[in-house]
Amino acid sequence: MQATAKILWADDEINLLKAHIIFLEQKGYQVTAVNSGNEAIDEVKQAYFDIVFLDENMPGISGLETLKEIKNLRPEIPIVMITKSEEEFIMEEAIGSQIADYLIKPVNPNQILLSVKKILDHKRLVSQNVTMGYQRQFGQLSMTLNDNLSAEEWIEAYKKLVYWEMELDKSESEGMKDVLVSQLVEANSNFSRFIDKNYIDWVNGKNTPTMSHNLLEKKVIPLLKSTAEPVYFFLIDNLRYDQWKAIQPMIAEMFRIVEDDAYFSILPTSTQYSRNAIFAGLMPLDIQNRFPNLWLNDEDEGGKNLNEDLFLEDLLKRHKLDIKFNYRKITKLEDGKDLADNMSNLRNNRFNVIVYNFVDLLSHVRTEMVVIKELAEDEAAYRSLVQSWFEHSPLFDILKSISETRANVVISTDHGSIKVRKPSKVIGDRSTTTNLRYKSGKNLNYTEKEVFAIRKPEDGKLPKQHVSSSFIFSKEDFFFVYPNNYNHFVNMYKDTFQHGGLSLEEMIIPIITLTTK
Numbered sequence: 112m113q114a115t116a117k118i119l120w121a122d123d124e125i126n127l128l129k130a131h132i133i134f135l136e137q138k139g140y141q142v143t144a145v146n147s148g149n150e151a152i153d154e155v156k157q158a159y160f161d162i163v164f165l166d167e168n169m170p171g172i173s174g175l176e177t178l179k180e181i182k183n184l185r186p187e188i189p190i191v192m193i194t195k196s197e198e199e200f201i202m203e204e205a206i207g208s209q210i211a212d213y214l215i216k217p218v219n220p221n222q223i224l225l226s227v228k229k230i231l232d233h234k235r236l237v238s239q240n241v242t243m244g245y246q247r248q249f250g251q252l253s254m255t256l257n258d259n260l261s262a263e264e265w266i267e268a269y270k271k272l273v274y275w276e277m278e279l280d281k282s283e284s285e286g287m288k289d290v291l292v293s294q295l296v297e298a299n300s301n302f303s304r305f306i307d308k309n310y311i312d313w314v315n316g317k318n319t320p321t322m323s324h325n326l327l328e329k330k331v332i333p334l335l336k337s338t339a340e341p342v343y344f345f346l347i348d349n350l351r352y353d354q355w356k357a358i359q360p361m362i363a364e365m366f367r368i369v370e371d372d373a374y375f376s377i378l379p380t381s382t383q384y385s386r387n388a389i390f391a392g393l394m395p396l397d398i399q400n401r402f403p404n405l406w407l408n409d410e411d412e413g414g415k416n417l418n419e420d421l422f423l424e425d426l427l428k429r430h431k432l433d434i435k436f437n438y439r440k441i442t443k444l445e446d447g448k449d450l451a452d453n454m455s456n457l458r459n460n461r462f463n464v465i466v467y468n469f470v471d472l473l474s475h476v477r478t479e480m481v482v483i484k485e486l487a488e489d490e491a492a493y494r495s496l497v498q499s500w501f502e503h504s505p506l507f508d509i510l511k512s513i514s515e516t517r518a519n520v521v522i523s524t525d526h527g528s529i530k531v532r533k534p535s536k537v538i539g540d541r542s543t544t545t546n547l548r549y550k551s552g553k554n555l556n557y558t559e560k561e562v563f564a565i566r567k568p569e570d571g572k573l574p575k576q577h578v579s580s581s582f583i584f585s586k587e588d589f590f591f592v593y594p595n596n597y598n599h600f601v602n603m604y605k606d607t608f609q610h611g612g613l614s615l616e617e618m619i620i621p622i623i624t625l626t627t628k
């Protein structure tokens with residue numbers, strides 16, 4: 112409790128509230144009592160108060176007029192309006208003036224105390240409750256993470272870690288946040304071993320969970336076959352599961368969430384591989400075999416994601432879906448605004464695909480620009496930045512427009528990203544790829560415990576650039592650095608968000624199904 116908190120209480124019958132005032136004082140609050148709105152305004156001019164209680168119906172200047180005057184003087188002071196009237200216009204005007212609470216007379220002391228605690232002690236009480244909740248769950252979660260989990264159980268475990276990560280954002284306990292970070296490190300270590308054991312089987316059709324190459328088949332095509340309403344598929348590039356949870360409340364105001372799920376990105380967790388796999392419904396090696404003139408390897412010149420619409424068209428034909436569809440890729444603000452202004456043009460399409468690139472661009476810009484790096488210093492700040500962008504983006508307007516019609520919406524991504532902290536030395540020839548989280552090349556030299564290696568690319572359903580090419584993927588929060596100019600590149604890339612490798616944050620990513628309300 113905030114024992115020194117100062118309360119101002121204005122009521123023309125203040126003498127009848129003496130018992131309430133004594134009760135608050137016994138709880139450690141300092142109460143100043145006045146009989147009118149004018150006296151309340153004078154007190155606010157002369158002293159600081161943590162909270163103000165205002166009677167709505169006072170002679171002279173009314174409670175609502177007093178409220179406006181106090182807000183003009185000290186807009187940050189929380190004000191609780193107390194009234195005998197239940198008339199709707201009074202409530203609406205008070206709420207419109209941004210009151211902190213609204214109470215109907217007669218009030219009892221415990222009501223007043225609850226309102227005070229809710230307003231003044233809310234942050235401390237929430238922090239305390241979150242900390243205690245995580246402490247209770249810590250042991251059980253640790254046991255789960257060290258168990259022999261299935262793919263579905265890993266998704267659920269990661270969801271729980273994300274839940275507590277975001278809940279602890281509300282906590283003032285830095286110690287508990289550090290404990291969670293340690294638990295995430297442990298989880299990623301165990302997850303790396305799990306992927307090492309199962310990944311090759313998955314991509315070759317054994318016990319395959321939902322992954323990039325079967326995502327549309329499992330989550331979108333059934334909608335196209337079972338409903339007559341338009342289906343919109345939004346792929347927000349590089350959207351982590353925690354970032355989805357950050358924007359979820361805004362989405363939930365517009366849509367009913369049918370399914371909040373996650374799936375596994377293929378490796379490499381990079382746009383070139385995972386997003387092409389999504390739209391082709393094929394692993395990269397199979398895309399290369401089916402479209403030898405369209406697939407480009409890392410070392411080839413030209414854009415690597417320029418044929419997604421052609422891949423999608425082929426996928427729909429393979430599933431015997433002869434439907435009208437539209438594919439749009441948004442890479443600039445102007446493109447997003449143009450689409451938001453012309454959404455009516457899409458409503459006659461059976462299927463609309465919209466790829467939105469902002470979050471991935473933000474990740475890359477953060478690496479290169481100090482100002483953005485400071486704005487997104489850690490995961491919590493990164494979530495906040497994505498949340499703020501979404502709220503003010505054309506994408507929000509696009510979704511709002513869709514919510515006013517009858518439609519099904521699926522929101523997903525191609526991969527996530529992880530904040531890299533530990534350098535891992537790698538040696539390769541000039542043809543070795545430049546990505547910090549994966550490498551493809553000949554005669555790669557690396558520290559085995561820090562990577563997941565696919566020595567025969569065809570085993571991982573990946574194209575082979577050269578006869579002796581192999582792939583390696585950084586585990587956990589490692590990032591690859593060449594020995595030449597080692598310290599310079601370590602300092603440049605440490606604590607940046609990267610993707611392409613093997614981690615919970617990169618591989619377990621959101622797939623959300625919505626319907627309009």
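Residue numbers (my numbering): 112 to 628. The beta-carbon is built from N, C-alpha and C at its ideal position, and this holds for glycine as well.
Please look up how many angstroms separate the CB atoms of Ser434 and Leu346, rounded, as I've assumed it's under 8 Å. The sequence position of residue 434 within the sequence shown is 323, counting from 1. The sequence position of residue 346 within the sequence shown is 235, counting from 1. Position check: residue 434 holds Ile in this sequence, whereas Ser was assumed. Your pair Ile434 and Leu346 does not check out as a contact, with CB atoms roughly 18 Å apart and the cut at 8 Å.
Starting from Glu370, follow the beta strand (DSSP E) in both directions and report where the run begins and ends. Walking along the sequence shown from the start, residue 370 turns up at place 259. Per DSSP, Glu370 is one residue of the beta strand (DSSP E) stretching across Phe366 to Phe375.
Beta carbon of His610, beta carbon of Arg548: below 8 Å? Translated into the one-based positions of the sequence shown, residue 610 becomes position 499. Translated into the one-based positions of the sequence shown, residue 548 becomes position 437. Less than 8 Å separates the beta-carbon of His610 from that of Arg548.
Exposure of Met394, with buried meaning 16 or more beta-carbon neighbours within 10 Å: Taking the first residue of the sequence shown as position 1, residue 394 is located at position 283. Looking at its Cβ environment, which holds 16 or more other Cβ atoms inside 10 Å, Met394 is buried.
Look up Phe582 in the DSSP assignment and say whether it is helix, strand or coil. As a working mapping, residue 582 is identified with position 471 in the sequence shown. Phe582: strand per DSSP, three-state reduction.
Under DSSP, the alpha helix (DSSP H) around Arg401 begins and ends at which residues? In the sequence shown, the residue the question calls residue 401 occupies position 290. Run containing Arg401: Pro395 to Arg401, per the alpha helix (DSSP H) assignment.
Three-state secondary structure (DSSP) of Gly220: The residue labelled residue 220 in the question sits at position 109 within the sequence shown. Note that residue 220 is Pro in the sequence shown, not Gly. Three-state DSSP puts Pro220 in a helix.
Taking the Cβ atom as the reference point for each residue, do Leu625 and Ile362 lie within a distance shorter than 8 Å? Indexing the sequence shown from 1 puts residue 625 at position 514. Indexing the sequence shown from 1 puts residue 362 at position 251. Yes, they are a contact pair.
CA nearest to the CA of Leu636, picked from Leu224, Phe302 and Arg247: This structure gives no information on residue 636, because the portion of the chain shown stretches from 112 to 628.
Does the separation of the CB atoms of Lys216 and Lys229 fall below 8 Å? Your numbering for residue 216 matches position 105 in the sequence shown. Your numbering for residue 229 matches position 118 in the sequence shown. No, these two residues do not count as a Cβ contact at 8 Å.
Runs of 4 residues minimum, wholly inside the segment 392-456: which ones carry the alpha helix (DSSP H) assignment? Restricting attention to alpha helix (DSSP H) runs no shorter than 4 residues, the segment 392-456 encloses them at 395-401, 419-429 and 444-452, ordered along the chain.
Could you tell me how far apart the beta carbons of Ser376 and Ser323 are, in whole angstroms, since I believe they sit closer than 8 Å? Counting from 1 along the sequence shown, the entry for residue 376 is found at position 265. Counting from 1 along the sequence shown, the entry for residue 323 is found at position 212. Indeed, because the Cβ distance is near 6 Å, the residues count as touching under 8 Å.
Taking buried to mean at least 16 other C-beta atoms within 10 Å of its own C-beta, is Asn453 buried or exposed? Position 342 of the sequence shown, counted from the start, is the residue given in the question as residue 453. Taking all protein chains shown into account, Asn453 has fewer than 16 neighbouring C-beta atoms within 10 Å of its C-beta and is therefore exposed.
Can you name the start and end residues of the alpha helix (DSSP H) that Ser337 belongs to? For the purposes of this step, residue 337 is taken as the residue at position 226 of the sequence shown. According to the DSSP assignment, Ser337 belongs to the alpha helix (DSSP H) that extends over Ile332 to Ser337.
DSSP state of Gly539 mapped onto helix, strand, coil: Residue 539 sits at position 428 when you count from the first residue of the sequence shown. Gly539 falls in the coil class under three-state DSSP.
Integer-rounded CB distance, given that Asp348 should sit under 8 Å from Asp525: Your numbering for residue 525 matches position 414 in the sequence shown. Your numbering for residue 348 matches position 237 in the sequence shown. Their Cβ separation, rounded to whole angstroms, is 6 Å, which keeps Asp525 and Asp348 in contact under 8 Å.
CB of His430 to nearest heavy atom of the ligand GTP: below 7 Å? The ligand GTP is not part of the structure shown, which contains no ligands of any sort.
In the DSSP assignment, find the alpha helix (DSSP H) that holds Phe501 and state where it starts and stops. Here residue 501 refers to the residue found at position 390 when the sequence shown is read from its first residue. Phe501: member of the alpha helix (DSSP H) spanning Glu490 to Glu502, first to last residue.
Residues that Pro621 bridges to, as DSSP identifies them: Working through the sequence shown from its first residue, we reach residue 621 at position 510. Bridge partners of Pro621: Ala373.
What residues in its chain sit with their C-beta under 6 Å from that of Lys572, if we drop five residues either side in the sequence? On the sequence shown, residue 572 is found 461 positions in, with the first residue counted as 1. Here the set comprises Val314, Met394 and Leu396.
Pro594, DSSP secondary structure in three states: Counted from its first residue, the sequence shown places residue 594 at position 483. If DSSP states are grouped into helix, strand and coil, Pro594 belongs with coil.
Exposed or buried, which one is Tyr159 when buried takes at least 16 other CB atoms within 10 Å? Against the sequence shown, residue 159 aligns to sequence position 48. Counting the other CB atoms within 10 Å of its CB gives Tyr159 a total below 16, which places it among the exposed residues.
Distance, Asp232 Cα to Met112 Cα: What you label residue 112 is simply residue 1 of the sequence shown in a count that begins at 1. What you label residue 232 is simply residue 121 of the sequence shown in a count that begins at 1. Reliability of the predicted coordinates at Met112 is poor, the pLDDT of 40 falling under 50, and no value is obtained from them.
Measure the C-alpha to C-alpha separation of Leu119 and Ile152 and round it to an integer number of angstroms. Taking the first residue of the sequence shown as position 1, residue 119 is located at position 8. Taking the first residue of the sequence shown as position 1, residue 152 is located at position 41. About 10 Å.
For Ile215, list the residues DSSP reports as bridge partners. On the sequence shown, position 104 is the one that residue 215 refers to. According to DSSP, which records beta bridges pairwise, Ile215 is partnered with Thr194.
Span of the alpha helix (DSSP H) around Ile133: Here residue 133 corresponds to residue number 22 of the sequence shown, with the count starting at 1. For Ile133, the enclosing alpha helix (DSSP H) stretches over residues Lys129 to Gln137.
Which of the three DSSP states, helix, strand or coil, is assigned to Pro505? Stepping through the sequence shown from its first residue, residue 505 is reached at position 394. Pro505: helix per DSSP, three-state reduction.
To the nearest angstrom, how far is it from the Cα of Leu327 to the Cα of Ile389? Locating residue 327 in the sequence shown gives position 216, counting from the first residue. Locating residue 389 in the sequence shown gives position 278, counting from the first residue. When rounded, the distance between both Cα atoms is 7 Å.
According to the neighbour-count rule (16 or more other Cβ atoms, all chains shown, within 10 Å of its Cβ), is Val520 buried or exposed? As a working mapping, residue 520 is identified with position 409 in the sequence shown. So Val520 ends up on the buried side.
Taking just the CA atoms, how far does Ile193 sit from Ser226? Taking the first residue of the sequence shown as 1, we reach residue 226 at position 115. Taking the first residue of the sequence shown as 1, we reach residue 193 at position 82. Cα to Cα, the separation comes out at about 11 Å.
Which residues in the same chain have their Cβ closer than 8 Å to the Cβ of Ser173, if we skip the five residues on either side of it in sequence? Walking along the sequence shown from the start, residue 173 turns up at place 62. Excluding positions up to five away in sequence, the list reads Gly148 and Glu167.
Can you have a look at Pro333 and say buried or exposed, based on whether 16 or more other CB atoms are within 10 angstroms of its CB? Here residue 333 refers to the residue found at position 222 of the sequence shown. Answer is exposed; the Cβ neighbour count stays below 16.
Same chain only: Cβ atoms within 6 Å of Gly612, ignoring 5 sequence neighbours per side: In the sequence shown, counting from the first residue as 1, residue 612 sits at position 501. The beta carbon of Gly612 lies closer than 6 Å to those of Arg548, Tyr549, Phe584 and Ser585 in the same chain, with the five residues before and after it left out.
Residues near Asp570 in its chain [Cβ-Cβ closer than 7 Å; skip 5 each side]: Your numbering for residue 570 matches position 459 in the sequence shown. Answer for Asp570: Ile311, listed in chain order.
Starting from Ala564 and walking both ways along the beta strand (DSSP E), at which residues does that stretch end? Stepping through the sequence shown from its first residue, residue 564 is reached at position 453. It spans Val562 to Ile565 - the beta strand (DSSP E) in which Ala564 sits, taken as one unbroken run.
Using 10 angstroms around the beta-carbon of Ala116, count the other beta-carbons present and answer buried if the total reaches 16, otherwise exposed. Locating residue 116 in the sequence shown gives position 5, counting from the first residue. Ala116 should be labelled buried.
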